[in-house]
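Below is one structure, written out as structure tokens, with a few remarks after it.
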Amino acid sequence: MTGRAVVLEEFGAPLALRTFAVPSAPAGGMVVGDCYGGVCGTDLHLQQGHLPIPLPLVLGHEGYGTVRELGAGTVRDALGAELAPGDTVMWASSIACGTCPPCRRYREPTLCENRRTYGVNRAVGDGEALSGSWADTIVLQPGTTVVKSAQGVEPLAAMALACAGPTVVHALYERRPVRVGETVVVQGSGPVGLAAAAFAQLAGAARVIVVGGPAERLELASDAGIGDVHLDVTGADDPDAVLEQVRSLTGGGADLVIECVGVPAAVAQGLTLARRGGSYLVIGQYTDAGDTLVNPHQIVYRQLDVIGSWAFTGAHLVEYVRMLPTLAARFDLARLVTAFPLERHAEALEAVRSGGVMKAVFTG
Ligand SMILES: [Zn+2]
Ligand SMILES: [Zn+2]
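One gets the numbering used here by counting positions in the sequence shown from 1 and adding 16 to each.
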């Protein structure tokens, strides 16, 4: 048996669709077929060589698929449900080492110093060829958090927020929750921004204002039912006027502002959108995009809690999957997704890079 996978062989160069032999399932792990693989903003940075990763590498750290073969000793998922070939599952991208200081002492496995991540640092040369989700088949190693997919939720809907959803669960559960009745401003209208807005709505926020762009993305968010108010700041002639509009809509500032843009300059703007005594939660700056100017007086004058949140771990994926039926019932998640066969990988990446699609997902 063979599997096809999209491989990053050289930074900045076109990717290649390659064929690999499918090994038998490792003890404690499994072989998963009929994979769906999401394209994440991080993948664009990986392809450009912005992060130190080993090559060649099968990309794709977000996935959904069907269990083909269970390795010896693999019988249950992360919630204790029995697993069998034919079950559809999702899995967490990273496995924490369990022994470094963040894992063992700081109770924050997301900060693990030795994370092994599918589609990021499991190179083909390590003998783990099929270790990314931009493939029809992936081999999951022992220690992977695997969870049976949510009943009644279509694969593409489940994939809409596959990386963004758990990232937001981590941020809202571990770092700064949304409280009932709060006014929330979300900066950014990509998948992370929409996940933040959707979870804020489900958490009981009184009003969720999405500040982003371009206009088509905001329209798509609105059509999917995500966010109460949508303001285009990227296409505005006068962005300051839009920020002033946010302050006016929130009566001087939001209880909580969530940064999901990833552009450093957004932080200086975001600090001015929180009310005095409010919170500023920074999620979007996952890749180091450089320095920016901020006015620290805003932090003191507004007496802000400024909080960072990094990535997620298996427990947060489990919560995302648990929430999926609720998310899918309220929001039109599948509408956010554009499906691509593996052969059209170059087109899919370009569509994500240009902002032409909200979320690209490979369908094998
Ligand atoms: Zn991602
Ligand atoms: Zn660790």
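A virtual CB, placed ideally from N, CA and C, is assigned to each residue, including glycine.
query: Contact under 9 Å by Cβ, PRO207 with GLY44; result: no
query: MET106 to GLY372 span [Cα, whole Å]; result: 26 Å
query: Any non-hydrogen atom of ligand 2 closer than 8 Å to CYS51 Cβ; result: no
query: Residues that DSSP places opposite MET46 in a beta bridge; result: LEU86 and LEU156
query: Of the residues GLY209, VAL337, SER165 and PRO158, the one placed nearest THR90, counting alpha carbons only; result: PRO158
query: Per DSSP, cross-strand counterpart(s) of VAL226; result: VAL202 and HIS246
query: Distance between ALA290 and THR250 (C-alpha atoms, nearest Å); result: 19 Å
query: Runs of alpha helix (DSSP H) wholly within the stretch 294–329 (minimum 4 residues, chain order); result: 313–317
query: First and last residue of the uninterrupted beta strand (DSSP E) at ALA21; result: 18–24
query: Sequence-distant residues of the same chain with beta carbon closer than 8 Å to VAL23, five excluded per side; result: LEU31, ALA32, LEU33, ARG34, PRO72, LEU73, VAL74, LEU75 and VAL140
query: PRO125 CB to nearest heavy atom of ligand 2 below 8 Å; result: yes
query: Euclidean distance between Cα positions of HIS66 and ASP304; result: 9 Å
query: Alpha carbon of VAL184 to alpha carbon of GLN301, nearest angstrom; result: 13 Å
query: Where VAL184 sits in the DSSP three-state scheme; result: helix
query: Which listed residue (GLY229, ALA178, GLU190 and TYR189) has its alpha carbon closest to that of VAL202; result: GLY229
query: Cβ neighbour criterion (16 or more within 10 Å) applied to ARG123; result: exposed
query: Inter-residue CB distance, LEU86 and LEU95 (contact presumed, cutoff 8 Å); result: 16 Å between Cβ atoms; not a contact.
query: Residue nearest to TYR317 in terms of C-alpha spacing, selected from HIS332, ARG338 and GLY293; result: GLY293
query: Any residue whose CB is nearer than 5 Å to a heavy atom belonging to ligand 1, listed in chain order; result: CYS56, THR58 and CYS179
query: Inter-stretch contact at 8 Å, needing at least 3 Cβ pairs: the stretch 324–344 / the stretch 189–197; result: yes
query: Distance cut-off 8 Å: ASN130 Cβ against heavy atoms of ligand 2; result: yes
query: Spatially closest choice to MET339 from GLY269, ALA174 and ALA231, by CA coordinates; result: ALA174
query: Contacting residues, own chain, Cβ-Cβ under 8 Å from GLU363 (five flanking each side not counted); result: PHE356
query: Span separating the alpha-carbon of ILE299 from that of VAL279; result: 11 Å
query: First and last residue of the uninterrupted beta strand (DSSP E) at MET106; result: 104–107
query: DSSP state of ALA94 mapped onto helix, strand, coil; result: coil
query: Local Cβ density within 10 Å of ARG121, reported as buried at 16 or more and exposed below that; result: exposed
query: Exposed unless 16 or more other CB atoms sit within 10 angstroms - verdict on VAL383; result: Given a span of 17 to 380 for the chain in the structure shown, any question on residue 383 remains unanswerable.
query: PRO158 beta carbon near ligand 2 (any heavy atom closer than 8 Å); result: no
query: Distance, THR153 Cα to LEU146 Cα; result: 7 Å
query: Cα-Cα separation, ALA166 to GLY28; result: 37 Å
query: LEU234 vs VAL226 beta-carbon contact at 9 Å; result: yes
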